[in-house]
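Asks: I have a structure here, written as structure tokens, and I will follow up with some questions on it.
And the structure:
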């Protein structure tokens, strides 16, 4: 079962323009105090940014997800880099022979580990 922090992060990440903290606690069905603790944990973990925001004279925060670096290992199948990185072909992803071969290599490596 996902934690409240996981649920909060998922909501924040799903909104490119961010979400107001005053709205987040309602979406999570928790009180504002608990929401503040959740937001602090996410902020301290460098997962979100907090931007001061005034709504009808009341101070709140707009919460936006930070872009996370991609683990380079996720782009590799053994020693092979995902072919899409430098590919210039105009293809249908589901039918790309280069990508299918790469995914096959990935599956083989997964089984062998």
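Residue numbers (full-length UniProt numbering): 1 to 113. Ideal placement from N, C-alpha and C gives every residue a C-beta, glycine not left out.
#1: What does DSSP give as the partner residue(s) for residue 62 in the beta ladder?
#2: Which same chain residues end up closer than 7 Å to residue 58 when comparing Cβ atoms and leaving out the 5 residues on each side of it in sequence?
#3: Taking the C-alpha atoms as reference points, what is the distance between residue 62 and residue 83?
#4: Taking the alpha-carbon positions, what's the residue 16 to residue 66 distance?
#5: Give the DSSP-derived three-state secondary structure of residue 79 in the structure shown.
Replies: Taking the geometry as given:
#1: Translated into positions along the chain shown, residue 62 becomes position 62. Answer is 20, 51, bridged to residue 62.
#2: Counting from one through the chain shown, the residue named residue 58 turns up at place 58. There are no such residues.
#3: The count along the chain shown starts at 1 and reaches residue 62 at position 62. The count along the chain shown starts at 1 and reaches residue 83 at position 83. A direct Cα-to-Cα measurement between residue 62 and residue 83 gives close to 38 Å.
#4: What you label residue 16 is simply residue 16 of the chain shown in a count that begins at 1. What you label residue 66 is simply residue 66 of the chain shown in a count that begins at 1. In this model, residue 16 and residue 66 are separated by some 10 Å (Cα to Cα).
#5: In the chain shown, residue 79 corresponds to position 79, counting from 1. Of the three classes helix, strand and coil, the one that applies to residue 79 here is coil, per DSSP.
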